[in-house]
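Just so we're aligned, residue 1 is where the sequence shown starts under the UniProt record's numbering, counting upward by one. Have a look at the structure below before the remarks.
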Amino acid sequence: MSSRSAITFRDLTFEWPDGTVALDRLNGTFTTGRTGLVGRNGAGKSTLLRLIAGVLAPTSGRIDVVGDVGYLPQTLTLTDTTTVAELLGVDHVLSALRAIEAGDVDQRHFDAVGDDWDIESRADEALHDIGFGAADLDRRVGEVSGGEAMLIAITGLRIRRPAVTLLDEPTNNLDRPTRARLAGFVDTWPGTLVVVSHDLELLEHMDATAELHAGTVEVFGGPYSDWAEHQENEQAAATQAARTAQQALKVEKRQRVEAETKLARRERTGKKTQRDGGIPKILAGARASKAQASAGSMRTTLDDKVQAAQAVVDAADARVRDDEHIHLTLPDPDVPRGRRLAEIHDGERTVVVQGPERVALVGPNGSGKTTLVEQLVHAGEQAPGRPYGTLLTDRVGYLPQRLDALDDARSALENVGDVAPGTPPGTVRNQLARLLLRGSGVDRPVATLSGGERFRVSLARLLLADPPAQLLVLDEPTNNLDVASVQQLAEALDAYRGALLVVSHDHRFLDRLGIDAVLELDQGGRIHRRDGLGG
């Protein structure tokens, strides 16, 4: 892999309009090749990508990028009228080509086409790789699944071939076969690729791993597993160094105390000798002056040693990470065993979800999993020939795939307050703080939050529900969460005493939940139930 610098940022600072500092004098370099960018939720990964892409402008500092930039945002902004061609990013070139073919020789059309006269054939070839074709270019993306929309957008970047490509959580909503296909794309991706992801398998396909932590970017040459092992060894060494430094500091402090005790004893002995008249007064005075000077010198030397030992402790402690974790305690909904909470039908069979059962809803992209849970939760109209659900309780908590239940213009505090009108604002703030949303961050518009932070606002809306939900319906809940937060969410759900219906392609996550049953939805709309997660 070439080590040429492709992206360089110097003293990069970005502040949100309310004065909240997202990045402060950040310095770093991404080289050509494939780099996985990791870090805790809220560290600023998505903000950094948006700055590199030019979506945001730095408050100060500079960014230098070699070549043009292609960017896949964490959350695709889609409307039902968006076409596949628009999602691919080739709509303006196709429109110009069609105008030229129709006889319009306006120069602006030729400028729009540039060197992309073969764009339609290239689009057709790339779309065939993901199960679509040129005939789908005018199709509305409302007709495809979230995972298919993500894959089409990634395919558009492959077609356009920018010098620098930025992907923010590209595996969100992708099923396992599609994730494997994306990994194959990544292996042969031309130019520079920077990927923000919590998908450990995808991160294994990176040439380098960069971590954004505590306001700095450090780049490690190797995939995520090598970086994680290196980080673990570093932290073990740092922890041991901190213990050793603490012990040395205790020794220096003890010696300082012992020296002070000796000096006090010597001073008392000298005063007693002088009182008893054992030596002439003038000689006693000289001895006292000399003793005071010696004691002062000793104290200075010992104080210097204590301060030096303290400095070593501070330096060692600074190397030991004390990363904060979200704290989740889901309320007890007191669901009787066997209580029927929901039914799911496919026209041939009916599957019952009952408390406190844990059910995973799986299936390939485009099979209709999100449509099914949305119809279930919102009691929407049943689509002909498609499975549908019926709720048997009104105590349901729902985390949608796109987190679009939040009002982007309002703050986190206001969004949570909407579903908990009787809860004091202080209690809401405390709950958000347990989810690492604090201070001015809870007062900022939700639109400025990262995907992980938006998820935690949505989660807070569930935690404060009164009465607690008897059934939690979660659609791809690990999207946008860092590795540690996925673990903590799994632990909280494992202790939850209500029923779970979870849509997820993350088998590691599902395995942690102790799934009782799996409902597999095929492309034909049929439901196949099996016990346990299995392979």
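Ideal Cβ positions, reconstructed from N, Cα and C, are used throughout, including at glycine. Note that the structure is a prediction, hence the values are computed from the model and not measured.
Item, Value
"Please name the residue or residues paired with Pro364 in a DSSP beta bridge.", "Per DSSP, none; premise fails for Pro364."
"Mark Gly524 as exposed unless 16 or more other C-beta atoms lie within 10 angstroms of its C-beta, in which case mark it buried.", "exposed"
"What would DSSP say about Met1, mapped onto helix, strand or coil?", "In this predicted model, Met1 has a pLDDT of only 44, less than 50, meaning its place in the structure is not dependable; the value taken from the coordinates is given anyway. Three-state DSSP puts Met1 in coil, outside helix and strand."
"What does the Cβ neighbour count give for Leu519, buried or exposed, with the cut at 16 atoms within 10 Å?", "buried"
"If we require 3 or more residues per run, which beta strand (DSSP E) segments fall completely within the segment 41-119?", "60-65 and 69-72"
"Who are the Cβ neighbours of Leu391 in its own chain at under 6 Å, not counting the five residues just before and after it?", "Ala342"
"Taking the continuous alpha helix (DSSP H) assigned at Asp187, which residues delimit it?", "Arg176 to Asp187"
"For the 8 Å Cβ check, are there 3 or more pairs between the segment 376-395 and the segment 468-479?", "yes"
"Please report the residue range of the beta strand (DSSP E) in which Gln354 lies.", "Thr350 to Gln354"
"Ala210 and Thr35 - do their beta-carbons sit closer together than 8 Å?", "yes"
"By DSSP's criteria, Ile344 is part of a beta bridge. Which residues make up the other side?", "Val351 and Gly389"
"Given a threshold of 16 other Cβ atoms within 10 Å of its Cβ, counted over all protein chains shown, does Lys45 qualify as buried or as exposed?", "buried"
"Compute the distance between the beta-carbons of Leu521 and Leu372, then report whether it is under 8 Å.", "yes"
"Thinking just about the alpha-carbon of each residue, which of Ile152, Gly191, Met150 and Leu174 is nearest to the one in Ala163?", "Gly191"
"Could you check what DSSP says for Gly142 in three-state terms: helix, strand or coil?", "helix"
"If I measure Cβ to Cβ from Arg139 and keep anything under 6 Å in the same chain, skipping five residues before and after, which residues do I get?", "Val84"
"Going by CA-CA distance only, name the one from Leu76, Ala99 and Ile100 that's closest to Gly89.", "Leu76"
"Counting pairs of beta carbons, one from the segment 502-517 and one from the segment 349-369, are three or more of them closer than 8 Å?", "yes"
"From Met1 to Asp199, what distance separates their C-alpha atoms?", "Here Met1 scores only 44 on pLDDT, less than 50, and its place in the model should not be relied on; the value that follows carries that caveat. Taking the straight line joining both Cα atoms gives about 23 Å."
"As a quick exercise: from Leu533, Leu48, Gly498 and Leu493, pick the residue whose alpha carbon is nearest that of residue 536.", "Past the edges of the chain, shown from 1 to 535, lies residue 536, and the structure says nothing about it."
"Just the Cα atoms here: how many angstroms apart are Ser367 and Ser5?", "42 Å"
"Am I right that Ala499 and Pro356 are in contact with their C-beta atoms under 8 Å? What's the rounded C-beta distance?", "5 Å"
"Kindly indicate the opening and closing residues of the beta strand (DSSP E) around Asn27.", "Val21 to Thr31"
"If you follow the alpha helix (DSSP H) that Val377 is part of, which residue opens it and which one closes it?", "Lys369 to His378"
"Out of Pro384, Glu101 and Gly146, which one is the CA nearest neighbour of Asp475?", "Gly146"
"If you drop the 5 nearest sequence neighbours on each side, which residues of the same chain put their C-beta closer than 6 Å to that of His528?", "Glu520"
"Could you check what DSSP says for Tyr398 in three-state terms: helix, strand or coil?", "strand"
"Just reading off the beta strand (DSSP E) that Phe220 is part of, what are its end residues?", "Thr216 to Phe220"
"So, for Val377: in the same chain, excluding its five sequence neighbours on each side, which residues have a beta-carbon less than 7 Å away from its beta-carbon?", "Val396, Tyr398 and Val473"
"I think Glu453 touches Asn172, with their Cβ atoms under 8 Å apart; what is that distance to the nearest whole Å?", "Not quite, the Cβ-Cβ distance comes to about 15 Å (not below 8 Å), so this is no contact."
"Taking the beta strand (DSSP E) that Ala517 belongs to, which residues open and close that run?", "Ala517 to Leu521"
"Examine the Cβ distances between the segment 20-35 and the segment 214-233 and report whether three or more of them are shorter than 8 Å.", "yes"
"Tell whether a beta-carbon distance below 8 Å holds between Ile119 and Val141.", "no"
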